[in-house]
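Chains D and F are the protein sequences, given in the same order.
If you're matching positions, the first sequence starts at 1 in my numbering and goes up one per residue.
If you're matching positions, the second sequence starts at 1001 in my numbering and goes up one per residue.
Idealized CB from N, CA, C, for every residue including glycine.
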Amino acid sequence: MKQILFAVAVLTMGLTISQSYHLQLLTFIGIHTILALGLNMLMGYAGQISLGHAAFYGLGAYATGILTAHWGWSPWAALPVALAGTFVVAFLVALPMLKLSGYYLGMGTLGFGMIAFIVFREWSSLTGGDSGLVGIPSLTVGTFSVSSGKPYFFLVWGCVLLAFIACERLVDSRVGRALRAIHDSEKAAAAMGIDTSRLKIWVFVFSAVLAGLAGFLYAHLVTFISPNSFGFLVSIRIVTMVVIGGMASIWGSLLGAAVLTILPDWLHVFTDYEMVVYGLILMAIMIFVPQGLTRGILDTYERSRRKAFTTPDPSQS
Amino acid sequence: MSVLDEKPLPLQTLLRVDSVSMSFGGIQALNEVSFDVKAGTIHSVIGPNGAGKTTLFNVITGAYVPDRGRILYEEQEVQGRKVHELVRQGIARTFQNVELFGSMSVLENILVGRHVRTRCGFLGAMGRWSWVKKEEVEAKRRALELLEFVGLVDFAHHRSEDLPFGWQRFLEIGRALGADPRLLLLDEPASGLNAVETQRLGDLLERIRGQGITLLLVEHDMSLTMGISDLIVVLHQGRKLAEGTPKEIQSNDEVIAAYLGSDRESFP
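Set out below in structure tokens:
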């Protein structure tokens, strides 16, 4: 039901908005939503942090970029290879990494993100180094070009919708419950027969593959990629999207991605003080709605609906 | 009401703890501890604080690997196996300080308890094939039965951390039953319960035993242990001090001395 509403909303937006600037902004929000959604599965639901998620975003982008720009592959053939590549790398990284937890996992993934960034920058024969990788072809379906504007908007938001459905089903399943169980108490989760280390590895791989998909979509949208789009600050931005939007909330990922994509754009009016205002807004959100915007909005709504909120007391019956 | 598959087990050894020793940096937590748990009984391990009860528990459930000795479960050596593997084989447990999944509903807690009896993975969850839906319906049905069994069915959709403490204990036991265990280990189930709740707990444990499930309790509360245990093992400073029926334990001078100094009066 929610998905149908969502699809209708996307469709109306796509059909009514004609200004290409707005379409592009919305397309970026879509790509960021996929990134945030993946990380939210790992962070919000399973409670495992990753400070190097931009690495997988970059991996997806560079994989398709190199295959199509250098070797002349069709993007549609590059897509499964890029996703499979992200899958394999994420799995190999996760094997040792997910033995860590808390701050140590944060540090470990941070290190991995830096390594990936250096590889993107220094392996210039393949990646183009600092000056970037140019000549990534736009997507085409037959003779129809899906380069930018409306077609790309629909492509990206179609992917968002699929990712939404996948994540929502995942959350409301045996796997999703096990993930939340790990978040609440890893000790008790193991005592329920959950193979916690294995599940953590798989959710990490899952979120990395979503990031890889976002990377693919990004690369063929902008047709030019450079290492700075996949550096440490980008990893932090993805984490911020999840936290601002709301941990363990699928819609929160959309909200967080939207806020963090639109906000810098609106704040241009502050010119020199742009970053200061940006930082202040993020701080304010964290102080006043520490559980994220989604939770904050829902709470306000519930409060306004019934003033006297009483917690149910089981001993009363 | 038959909630758990009724299969009367013959009175045989389900679990054997065989000269298990374990030390932590010079402290001998367990020293050559041995005893048998017969299927279909309620067996208790008691002892003063620091006697090694919780260590013993963690060894049996696979959280610790003992330095020496063996744990035999259904005639197989299981020491060193991982916690989650042992659950699959039928050893479930609860925790001393109640480890519920606080952010999840009461029903969801039980559903997590059914993890080892269901099998849907990432692809199954995303595809939501018909067998997945069927499995989910079946798991929910069973979870509601278990909630009925522990008396919490009316609160299925409450957040588990909103329940009063005593109810959380019952939920935790229900969650452990979700794994269809053959051996259920309860770590101080009566701690933090009032007299009425302890009474209800005793009844519940009897009903669980009635379903053919063997119980092993680590307990402090004498009124509960003495009332329902078939056999009691007394640990003291990592050693087995005594083993016997509640009557035998109650009249064992060594036990009384270890437990309460020499104050015989206050021992039940």
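Can you pull the DSSP bridge partners for Gln-1028 of chain F? The residue you call residue 1028 of chain F lines up with position 28 of the second sequence. Partner(s): F:Ser-1023.
Indicate whether the contact test is met: 3 or more Cβ pairs, each with one atom in the region 1049-1065 of chain F and one in the region 1113-1124 of chain F, closer than 8 Å. no
Give the DSSP-derived three-state secondary structure of Leu-1224 of chain F in the structure shown. Here residue 1224 of chain F refers to the residue found at position 224 of the second sequence. In the structure shown, Leu-1224 of chain F sits in a helix (DSSP, three-state: H, G or I).
In three-state DSSP terms, what is Asp-1180 of chain F? Against the second sequence, residue 1180 of chain F aligns to sequence position 180. Here Asp-1180 of chain F sits in coil by DSSP.
By DSSP, does Asp-1036 of chain F sit in helix, in strand, or in coil? The residue labelled residue 1036 of chain F in the question sits at position 36 within the second sequence. Of the three classes helix, strand and coil, the one that applies to Asp-1036 of chain F here is strand, per DSSP.
Which stretch, first to last residue, makes up the beta strand (DSSP E) that contains Ser-145 of chain D? In the first sequence, counting from the first residue as 1, residue 145 of chain D sits at position 145. 144-146 is the span of the beta strand (DSSP E), which, as asked, contains Ser-145 of chain D.
Over what stretch of residues does the alpha helix (DSSP H) that includes His-32 of chain D continue unbroken? Your numbering for residue 32 of chain D matches position 32 in the first sequence. It spans 20-40 - the alpha helix (DSSP H) in which His-32 of chain D sits, taken as one unbroken run.
Could you name the residues of chain D that Val-1116 of chain F contacts, counting a contact when the two beta carbons are closer than 8 Å? The count along the second sequence starts at 1 and reaches residue 1116 of chain F at position 116. Here the neighbours are Met-192 and Gly-193.
Considering only the alpha carbon of each residue, which of F:Arg-1128, F:Gly-1090, F:Ala-1176 and F:Gln-1089 lies closest to Leu-1107 of chain F? For this step, residue 1107 of chain F is matched to residue 107 along the second sequence. The shortest Cα separation from Leu-1107 of chain F among F:Arg-1128, F:Gly-1090, F:Ala-1176 and F:Gln-1089 belongs to F:Ala-1176.
Please classify Trp-1131 of chain F as buried or exposed, where buried requires at least 16 other C-beta atoms within 10 Å of its C-beta. For this step, residue 1131 of chain F is matched to residue 131 along the second sequence. So Trp-1131 of chain F ends up on the exposed side.
Can you list the residues of chain F that Ser-253 of chain D reaches, using a CB-CB cut of under 7 Å? Numbered from 1 along the first sequence, position 253 holds the residue referred to as residue 253 of chain D. Within 7 Å Cβ-Cβ: nothing; Ser-253 of chain D doesn't reach chain F, min ~17 Å.
So for His-1043 of chain F, helix, strand or coil by DSSP? The residue given as residue 1043 of chain F occupies position 43 in the second sequence. His-1043 of chain F: strand per DSSP, three-state reduction.
Suppose contacts are defined by Cβ-Cβ distances below 8 Å. Is Ser-221 of chain D in contact with Arg-237 of chain D by that definition? The count along the first sequence starts at 1 and reaches residue 221 of chain D at position 221. The count along the first sequence starts at 1 and reaches residue 237 of chain D at position 237. Strictly speaking, residue 221 of chain D in this sequence is Leu, with Ser absent from that position. Cβ atoms of Leu-221 of chain D and Arg-237 of chain D: not closer than 8 Å.
Check whether Asn-40 of chain D and Ser-253 of chain D have beta carbons under 8 Å apart: Translated into the one-based positions of the first sequence, residue 40 of chain D becomes position 40. Translated into the one-based positions of the first sequence, residue 253 of chain D becomes position 253. Yes, these two residues count as a Cβ contact at 8 Å.
Nearest-angstrom Cβ-Cβ length linking Phe-1122 of chain F and Val-175 of chain D, presumed shorter than 8 Å: Counting from one through the second sequence, the residue named residue 1122 of chain F turns up at place 122. Counting from one through the first sequence, the residue named residue 175 of chain D turns up at place 175. That pair is a contact at about 6 Å.
Flag Val-1233 of chain F as yes if its beta-carbon sits less than 8 Å from any beta-carbon of chain D, otherwise no. As a working note, residue 1233 of chain F is residue 233 in the second sequence. No, its Cβ sits nowhere closer than 8 Å to a Cβ of chain D.
Does any residue of chain D bring its CB to less than 8 Å from the CB of Leu-1216 of chain F? Translated into positions along the second sequence, residue 1216 of chain F becomes position 216. Chain D, which has no Cβ nearer than 8 Å to the Cβ of Leu-1216 of chain F, makes this no.
Minimum Cβ-Cβ distance from Glu-1108 of chain F to chain D less than 8 Å: Sequence index remark: in the second sequence, residue 1108 of chain F carries index 108 (1-based). For Glu-1108 of chain F, the answer is yes, since a Cβ of chain D falls inside 8 Å of its Cβ.
Contact check, Ile-31 of chain D vs Tyr-278 of chain D, beta carbons under 8 Å: Residue numbering aside, residue 31 of chain D sits at position 31 when the first sequence is read from its first letter. Residue numbering aside, residue 278 of chain D sits at position 278 when the first sequence is read from its first letter. Not a contact, by the Cβ cut-off of 8 Å.
Short of 7 Å Cβ to Cβ, which residues in the region 196-215 of chain D face chain F? Trp-202 and Phe-206
Where does Gln-1076 of chain F sit, in a helix, a strand or coil, going by DSSP? Along the second sequence, one-based indexing puts residue 1076 of chain F at 76. In the structure shown, Gln-1076 of chain F sits in a strand (DSSP, three-state: E or B).
So does the region 1011-1021 of chain F actually touch the region 1189-1207 of chain F, counting three or more Cβ pairs closer than 8 Å? no
What residues are listed by DSSP as bridge partners for Ile-1232 of chain F? By one-based count along the second sequence, residue 1232 of chain F stands at place 232. DSSP output for Ile-1232 of chain F lists F:Ser-1044 and F:Gly-1244 as bridge partner(s).
Suppose you measure from the CA of Gly-135 of chain D to the CA of Met-1 of chain D; what does that come to, to the nearest Å? As a first step, residue 135 of chain D must be located in the first sequence, where it is residue number 135. As a first step, residue 1 of chain D must be located in the first sequence, where it is residue number 1. One C-alpha to the other measures close to 41 Å.
Starting from Ala-46 of chain D, trace the alpha helix (DSSP H) both ways and give me its first and last residue. Within the first sequence, numbered from 1, the residue matching residue 46 of chain D stands at position 46. Neither: Ala-46 of chain D is in no alpha helix (DSSP H) and is coded neither H nor E.
Going along the chain, which residues of the region 1122-1135 of chain F sit with their C-beta nearer than 7 Å to a C-beta in chain D? Phe-1122, Ala-1125, Met-1126 and Arg-1128
Run through DSSP, which three-state label would Leu-1100 of chain F get? As a working mapping, residue 1100 of chain F is identified with position 100 in the second sequence. Leu-1100 of chain F falls in the coil class under three-state DSSP.
Drop a sphere of 10 angstroms on the beta-carbon of Asp-1253 of chain F, count the other beta-carbons inside from all chains shown, and report buried for 16 or more, exposed for fewer. In the second sequence, residue 1253 of chain F corresponds to position 253, counting from 1. Classification of Asp-1253 of chain F: exposed, given that the 10 Å Cβ count is below 16.
Let me see if you follow: with CB-CB separation under 8 Å, is Glu-1265 of chain F close to chain D or not? Taking the second sequence and counting its residues from 1, one reaches residue 1265 of chain F at position 265. With a pLDDT of only 49 at Glu-1265 of chain F, under the threshold of 50, the placement of this residue in the model should not be trusted; the figure read from the coordinates follows. Not one chain D Cβ lies under 8 Å of Glu-1265 of chain F.
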